[in-house]
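Residues in the sequence shown are numbered from 2 upward in steps of one, following my numbering.
Even glycine gets a Cβ: it sits at the ideal position worked out from N, Cα and C.
Everything on this sheet refers to the single structure shown next.
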Amino acid sequence: MTIDSDGFPPPPALVEHARRFYAEGGTPAVPRVAATVLLLRPAGDHFEVYVIRRVAAMAFGGVYAFPGGGVDPSDSQTHLDWAGPAPAAWGDRVGLSPDAAQAVVCAAAREVFEEAGVLLAGPDADTVVGDVSGDDWEAARQDLVARRVGFADLLASRGLTLRSDLLLPWSRWITPEFEPRRFDTYFFVALLPAGQRTRDVSGEADHTMWIRPADALARAEAGEITMLPPTMINLAEVLAAGDLPGVARTAATRDAATPITPHLAGLDGDDPRFLLD
Numbered sequence: 002m003t004i005d006s007d008g009f010p011p012p013p014a015l016v017e018h019a020r021r022f023y024a025e026g027g028t029p030a031v032p033r034v035a036a037t038v039l040l041l042r043p044a045g046d047h048f049e050v051y052v053i054r055r056v057a058a059m060a061f062g063g064v065y066a067f068p069g070g071g072v073d074p075s076d077s078q079t080h081l082d083w084a085g086p087a088p089a090a091w092g093d094r095v096g097l098s099p100d101a102a103q104a105v106v107c108a109a110a111r112e113v114f115e116e117a118g119v120l121l122a123g124p125d126a127d128t129v130v131g132d133v134s135g136d137d138w139e140a141a142r143q144d145l146v147a148r149r150v151g152f153a154d155l156l157a158s159r160g161l162t163l164r165s166d167l168l169l170p171w172s173r174w175i176t177p178e179f180e181p182r183r184f185d186t187y188f189f190v191a192l193l194p195a196g197q198r199t200r201d202v203s204g205e206a207d208h209t210m211w212i213r214p215a216d217a218l219a220r221a222e223a224g225e226i227t228m229l230p231p232t233m234i235n236l237a238e239v240l241a242a243g244d245l246p247g248v249a250r251t252a253a254t255r256d257a258a259t260p261i262t263p264h265l266a267g268l269d270g271d272d273p274r275f276l277l278d
């Protein structure tokens, strides 16, 4: 997917929704801070990304996305054992205070465990847990989803450290102002840890798959699967990095703090376009 100065066409339903919003003088909702992760793994001479299809009853139902969700109050627990860049360094990268940056990074790791069964943590700063698909881990995951336990508590109970260095900041997107549900979403990339495997465990998804970014984009553009513009653009950007080492090199120099907020231009005409701020 390429984006030029003319932008890209929006889904027709979004156009009508935006027209009603502006015609009625709507008030933009306050975006909720969220985190999402492009989980990657090697595939031959290239790589694949893990995507989930949101259940029809949810907002954005039927849409393929990356594991992720809103920051939870428990993501701010201060007793979290932490490895990798300090929260202050993370704050510099993503444009947040140290405390807010820690919560966003914690949310990213938590959501990957909740929605994909992958745990970005280890006994120390140099190791990662192996297989976490057993019954005891599944019970812990369900407790986390039900908010019976916070992520920091779960890790502490097993003597584990959050490996924040396994997450690389990629981008930041804010939902257009005319949407009733808005998110200020921080996108990260992460490599599937050796010895772990994804599991179709999310109660918010009805289908999951590993797919090459190029194939996902081709299927979306052919109308075979549905993806929102931020998903497609981030896929195109990791694809452009070439390979997994290229993704890591690219992530190191990207601006992950300045938000991208799509807006619709030409709503009064026959050819409205999404432009990126």
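Note: Arg-250 is not bridge-paired with any residue in the DSSP secondary-structure output. When DSSP states are grouped into helix, strand and coil, Arg-94 belongs to the helix group. In the displayed model, His-47 falls within a strand according to three-state DSSP. In this model, Ile-261 and Ala-84 are separated by some 29 Å (Cα to Cα). Here Thr-186 carries a strand assignment [DSSP, helix/strand/coil]. If only uninterrupted beta strand (DSSP E) runs of at least 3 residues are considered, none is enclosed by the segment 77–127. Within the same chain, Cβ atoms closer than 7 Å to the Cβ of Ala-215 are found at Leu-240, the five residues on either side in sequence being excluded.
With 16 or more other Cβ atoms from the protein chains shown falling within 10 Å of its own Cβ, Thr-199 counts as buried.
If you look at Ala-266, you'll find it in the beta strand (DSSP E) that goes 263–266.
At a Cβ-Cβ threshold of 8 Å, Leu-156 and Leu-163 count as neighbours. For the set Val-129, Asp-76, Phe-184, Arg-149, the Cα lying nearest the Cα of Ala-30 is the one of Phe-184. Here the alpha carbon of Pro-32 sits roughly 32 Å from the alpha carbon of Ala-140. Distance from the Cα of Val-190 is smallest, within the candidate group Glu-49, Ala-44, Gln-78, Ala-19, for Glu-49. For Tyr-65, the pairing in a beta bridge is given by DSSP as Arg-54, Met-228.
Per the coordinates, the alpha-carbon of Leu-15 lies some 28 Å from the alpha-carbon of Ala-108.
In the DSSP assignment, the residues bridged to Ile-175 are Asp-185.
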